[in-house]
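Chains as they are written, first to last, in the numbering used here: chain A, 1 to 570; chain B, 1 to 271.
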Amino acid sequence: MSTLLRRALMMGLFGGIAGVHVSLVGIVNTFQTRDLIADIVTIGSVLPMLIAIMVGWLAGSTPKHIPRPSGSTTLVHGAMAGGVVGVVLAALALLVDSVSLTWILVNARPQLANILYFEQGPGLGSVILIAGGVLLGVAGAGLHLLPRTIARALAISGVVTIIAALMEPFVGAVLRNVELRAIEGFLYQSGGLTVQGFILVFVLIAAGIYGWAKRGDRAKARVAAMPPDRRRAGKLIAYGVLFAILLILPQIVGQRLSEVVGTVGIYILLGLGLNIVVGFAGLLDLGYVAFFAVGAYTTALLTSPASPVLNPELPFWGALPFVIMAAALVGLAVGAPVLRLRGDYLAIVTLGFGEIAREIFKSAWAQPVTGGAQGILSVPEPLPFTRDPQSIYYPILFFCIIAAIAATRLAASRVGRAWNAMREDESVAEATGINTVKYKLLAFSLGAAFGCLSGAFFGTKIGVVFPDSFNILVSINALALIVLGGMGNIAGVMVGALVLVGLPELLREFAEYRLLIYGVVLVVMMILRPEGLLPSRSRRVELHDVSDEDDDDMYTDEAGIDTGRPVVST
Amino acid sequence: MTETMDRAGSAQVVDALLQADKVTMKFGGLVANRDVDFVIPRGSIVSLIGPNGAGKTTFFNQLTGMLEPTSGEITFNGKSIIGRTPYEIVEMGIGRTFQNIRLFGAMTVLANVMVGRHVRMHSSWWGSLLRLPAVRAEEEDTKRRAQELLERVGLPRRYEEDWAKNLPYGDQRRLELARALASEPKLLLLDEPTAGMNPGETAQMTDLIKQLRDELDLTVLLIEHDMKVVMGISERITVLDHGELLAEGKPEEIRANPAVIEAYLGKQATE
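In structure tokens, the structure reads:
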């Protein structure tokens, strides 16, 4: 048996196991309630299909040291892998159908078998399942035979379309808000996309991505060729339009979505701050939540009538300067002891700091001031803005813009260059004349300031500050969002926050599996695109041994010697 | 031995930019440098040679503040550099390159040189935040100077926005030189500047070093293994062996010194 065939079968087996896992933890059942295409395909039944496609794609890829087989062989490998997935899932369905396992696996209900059989009964269902697996495996492997740009457009478009279907309640609500009911009716129906909506979204996105891949460089070249003042004007107009949209966003998206947008904004602030520490200066901080907590508690202590610290209390805006001062001090306090630590050691120590911060706020010793586990109640609103999601959005937006401008300016300055150099090689940076102690402390303090600001808005937004909001998940979230978005890049931080904080907030019904999906997304990202969705240019250079113009690295990793053209055999 | 000590003694009379007195560096029981006396006359090109393990790089690292001597004194321009951090020493006017090129690979060529000028810039973080006019002017000025330096070391302008790590090997050496020069050093320390180069590139690099010394009023200290380079470029040569000073003098004196031939050149002479 050839290595590639063995590999394909192994992939199929792994895919099958993944499918069994996904089925038994109940994701398939949960997603069954949602339609991808109204009344035709549910998201639940799409999941096994996606696995078959992915397995087919993996089976069709060739490791670098092995010569590329012919096109038909690739398809056969895909078919084998997809078929194995189908067989494994059919076996699962059969097992679930015939033996009651619910006493040990709560999700192994006949309903699951029914989904897997596409509601066609065991006989026809198994055939569909296996044949479907083969077909989808072929489709997945076939992606390798298509020109890279097309394969990529199809893959991304598929993912986006599924997300579009999942977002039905929210996109639908937005369309209703802006009086575009006709479009809503055209695209969506009973919790999923309509057939024409599915086709439209898929084709539009695929065409857009393909067009950009084909023509994007030329468009970029045209923009670059424009006279500077016109380019500047174009940039200003683009920013103006973006700003105008951001200003009316709460009215467009409505109450419920504004709440999500506010949370995303708080995480953008947090991400921008952590990005200074990790992305710019290269100091891996796993306890960033400490700054978030200090910001929230300082605000609460200075402003809440429930806290004994000040009487009369400060208004929210009066407390803000003190919050930032506290931030800088805490930044120094955390930074100073860890100056000599590098890499992993720094990460572990900061991890400890994050936990210590929460425990201090929670402790009996601090209880008279911080209220212990009950926290501090009645944190006032940032008047004249209220706690209403459509109102508090504005101050958060304002500070996000300020933070983004500040981070951009710092990155492009003497300070940013010094951080960059320090991140790349600390001892050479020092030998080049950079006072690394000073710039580390500066990174910690500025990062802390952003984090505390974020914490202040978190406190005033929910009106209560209690210690268990500041657990390690906040640090992990903030770090994951800048890694996913693209470390060192400000737009990347925003995209990361939207994807990692925004999407899960919208998909609350799947909250149970949030961390599972989260983990899968991160693993897939690290394999396919370790530099993140929108990386800074230099980060991409660091992680890939390619020139910066090579944008199509997504498939070269797996395909190795991919020439970008299909290999067709006779 | 006594003769060479006398030479070192007499050399102290000249205008010394850098002077090391009885520098000893111990790592636990291992003595890497023992009582090394060393003088670099202002405006000269001086080479430090010796067999592998002779303590050259250790000595170099003490001049740049990466290591602190166990005992002894090093003065630069009349001021002691003992106990100073590497960046303070850069500020005093000592720039260096590395034996194994250590550029900031994921920064552009231009940014690498601009980082080199860090110590001569004054912009603060809050000035950068507010984009004060002075900060912008300084940034422009730094960029212009960096471009000049790139031209001076012979890197074409089209390389400016390329990633440093994508440059050809020889150009990376030139870029490292430009980065070191950006801090406006009085003394330039070059650690094997022609390592890994072919004879043509080596000749270009030696010419460049001489030219830079003349045009920029530099004093140059280099560690070098290529005897042709050393003999061709140096005005004085210091030989270290087993961490101790073996000889010091003009190239022709070193070439004729029996102790040096035995310890170091002898092997090559027979080849």
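Even for Gly, the Cβ is constructed at its ideal location relative to N, Cα and C.
- Between the alpha carbons of Thr298(A) and Phe291(A) lies a distance of about 10 angstroms.
- Taking a C-beta distance under 8 angstroms as the contact criterion, Pro169(A) and Gly262(A) do not qualify as a contact pair.
- In the three-state DSSP reduction, Lys64(A) falls in the coil class, being neither helix nor strand.
- Note on Asn198(B): under 16 other CB atoms within 10 angstroms of its CB, so exposed under the neighbour-count rule.
- Counting along the chain, Glu244(B) sits inside the beta strand (DSSP E) bounded by residues 244–249.
- Here the region 43–54 of chain B makes no contact with the region 67–80 of chain B; the two share fewer than three CB pairs at distances below 8 angstroms.
- Straight-line spacing of the CA atoms in Asn33(B) and Leu272(A) works out to 48 angstroms.
- Neighbours of Ala418(A) in chain B, taken as residues at a C-beta separation under 8 angstroms, are given in chain order as Val115, His118.
- In terms of Cα proximity to Ile156(A), the closest of Ala141(A), Val501(A), Phe202(A) is Phe202(A).
- Of all residues in the region 261–289 of chain A, none comes within less than 7 angstroms of chain B when Cβ atoms are compared.
- The residue among Trp317(A), Leu283(A), Ile376(A) with its C-alpha nearest the C-alpha of Val334(A) is Leu283(A).
- Shortest Cα-Cα distance from Ala263(B) to any of Glu244(B), Lys250(B), Glu252(B) involves Glu244(B).
- In the structure shown, the three-state DSSP call for Ile223(B) is strand.
- Under the three-state reduction of DSSP, Tyr188(A) is assigned to strand.
- Around the beta-carbon of Trp163(B), 16 or more other beta-carbon atoms lie within 10 Å, marking it buried.
- The three-state secondary structure of Thr75(B), taken from DSSP, is strand.
- Boundaries cannot be given for Gly28(B), as no alpha helix (DSSP H) includes it and DSSP labels it neither H nor E.
- Gly83(A) has its alpha-carbon roughly 11 angstroms from the corresponding atom of Val127(A).
- Counting only runs of 4+ residues, the alpha helix (DSSP H) found wholly inside the region 356–415 of chain A occupies 367–370, 389–411, in chain order.
- Rounded to the nearest whole angstrom, the C-alpha separation of Glu542(A) and Thr408(A) is 20 angstroms.
- Sixteen is the threshold: since fewer than 16 other Cβ atoms of the shown chains lie within 10 Å of the Cβ of Pro228(A), the residue is exposed.
- Taking the beta carbon of Ile401(A) as reference, no residue of chain B falls within 7 angstroms; the closest one sits roughly 14 angstroms away.
- Taking each of Pro69(A), Phe316(A), Val99(A), Ile53(A) in turn and checking the Cα distance to Ala139(A), the smallest one comes out for Ile53(A).
- Annotation: Met121(B) to Val113(B) spans about 13 angstroms, alpha carbon to alpha carbon.
- Spanning the alpha carbons of Leu204(A) and Thr42(A) requires a straight line of approximately 22 angstroms.
- Using a 10 angstroms sphere on the CB of Arg417(A), the tally of other CB atoms reaches 16 or more, which defines it as buried.
- A residue is called buried when at least 16 other Cβ atoms come within 10 angstroms of its Cβ; Val474(A) meets this threshold and is buried.
- In this structure, Phe322(A) sits away from Pro380(A), with a CB-CB distance that is not shorter than 8 angstroms.
- Listed in chain order, the positions of the region 32–63 of chain B with a beta carbon within less than 9 angstroms of a beta carbon of chain A would be empty, since no residue qualifies.
- Contact of Glu424(A) with chain B by beta-carbon distance below 8 angstroms involves Phe104, Gly105, Ala106, Met107.
- For Leu498(A), the secondary structure class from DSSP, reduced to helix, strand or coil, is helix.
- Cα atoms of Tyr87(B) and Glu430(A): separation of roughly 5 angstroms, rounded to the nearest angstrom.
- The region 22–31 of chain B makes no contact with the region 220–237 of chain B; the number of CB pairs closer than 8 angstroms stays below 3.
- For the set Leu208(B), Leu218(B), Pro133(B), Asp207(B), the Cα lying nearest the Cα of Arg42(B) is the one of Leu218(B).
- Straight-line measurement puts the Cα of Glu151(B) at about 11 angstroms from the Cα of Arg144(B).
- Close partners of Glu91(B) in chain A (Cβ separation under 8 angstroms): Gly433.
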